[in-house]
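Residue numbers (my numbering): 5 to 340.
Using N, Cα and C, we set each Cβ at its ideal position, and we do this for glycine too.
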Amino acid sequence: MKSFNYIGFALAALSGMQLATAQEAAKLQAYAALPGAGATQLVLERGDGNGSFFYLQKGTDQLMQAKASTLKMFYIQTPADMANALRDYYGGDYAAARKDFAKIKKKYAAFAGLPGSPCTLAALYETICAARMLDVAAVKELASSIPGESVLTGSDAAKVAAAKVFGMINDQPDSFAAIKEAVEEALKTHGRNLDSEANGWLRYALARAVAAQVPADQLQGTIAEDKVKAASVAVDFYCQAVMSMHGSQKTVPADALNRAMALLWAMPGVKEYAGKVSKPVDKQGWNAAPADFRDAVAMARYLKIMYPAVGEAPNALADQLDAYYFNAKKGAKKDK
């Protein structure tokens, strides 16, 4: 039995040595304008979490310390693993990129708090991936625990603020006031630094909060008159989200369109009218249709054109509504 214990100790020691080696390998290349030396290429050993970093003095084994904010120039080179993760990210493979960013965040944790730290940037991109995958619970957790968040500025800091609002989504009827306040604070604090996607997240969160005031059973049937206003406001916010995020990514806008379409389909008189007209609707039927019906059909057509490959399952409601679509140009030709 003792021999097995000795083997266990040996394996544990070996594992510790391997871990230490892996930690030692997590170094970064950087350029910095050191006092009296000009632009110098450095190998960063670690950071202190407060904006300072340690590096080996060239030609010696002496560990030196400097504070990034006091230097005229400080730039961390993008490590290869970060470049690979970004390739997946920009290619739209958010699941793969998200896993890689999580590993990078952990690998370079010793450099959190430095400007351009791959740890901090990976945490930001990991959060964005979660949002684009509509993983609200993960966004809530990730956005509230970004290592070295204080070094993020401009659009990056604004993105985190918007992600925190996104993470507040809980589809509860009483959530609107808190989300509205958080949105107003994000707009006040970050203003123009909020890019189109971040603005879209804010509108999407507002839409989800207002839509939560409409009971789920009414969405399956017909929305009650006292909930029509909330449904209309939610549709407006969803549309704002779609327009804001146009061209940035696909999953959130597509989801916003689907949710808006479902609200419009449940509006009073829409389903009843759909049961009376042909597919596609002719010119007379289109002109006489309720506005909510026309908007729902238009959204279905837009969704199928702009986001045809989003989602794994067929979109039954979009297919159903799109069949009613009236093409004004084709109709005009037939009328001549």
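According to the DSSP secondary-structure assignment, Q69 is paired through a beta bridge with F58.
Counting every other CB atom within 10 Å of its CB across the protein chains shown gives T74 a total below 16, marking it as exposed. DSSP, reduced to helix, strand and coil, places I80 within a strand of the structure shown. Per DSSP, reduced to three states, the secondary structure at T124 is helical. Put simply, the backbone Cα of G96 is about 34 Å away from that of A234. In the structure shown, G42 adopts extended strand secondary structure according to DSSP, grouped into three states. In the assembly as shown, S149 is an exposed residue. Its beta-carbon has fewer than 16 other beta-carbons within 10 Å. Residue F115 holds the alpha-carbon nearest to the alpha-carbon of K71 among D92, A30, F115. Note that the C-beta distance between A166 and W205 is below 8 Å. Y59 places its beta carbon 8 Å or farther from that of Y93. Within its own chain, the residues whose Cβ lies closer than 8 Å to the Cβ of Y112, once the five positions on either side in sequence are excluded, are A30, L32, P83, S121, P122, C123, A126, listed in chain order. R50 has F58 as its beta-bridge partners, per DSSP. Ranked by Cα distance from K254, the options N197, Y306, D160 are led by Y306. Annotation for Q217: no alpha helix (DSSP H) segment contains it, and DSSP assigns it neither H nor E. Residue pairing of Q253 in beta bridges, as defined by DSSP: absent, with no partner found. In terms of Cβ geometry, A322 and P284 do not form a close pair [threshold 8 Å]. Beta-bridge partners of A36 (DSSP): T44, F78. Taking a contact as a CB-CB distance under 8 Å, the pair F78 and A36 counts as one, their CB atoms being some 5 Å apart. When Cβ pairs closer than 8 Å are counted between the two stretches, the segment 226 to 233 is seen not to touch the segment 241 to 258, the count staying below three.
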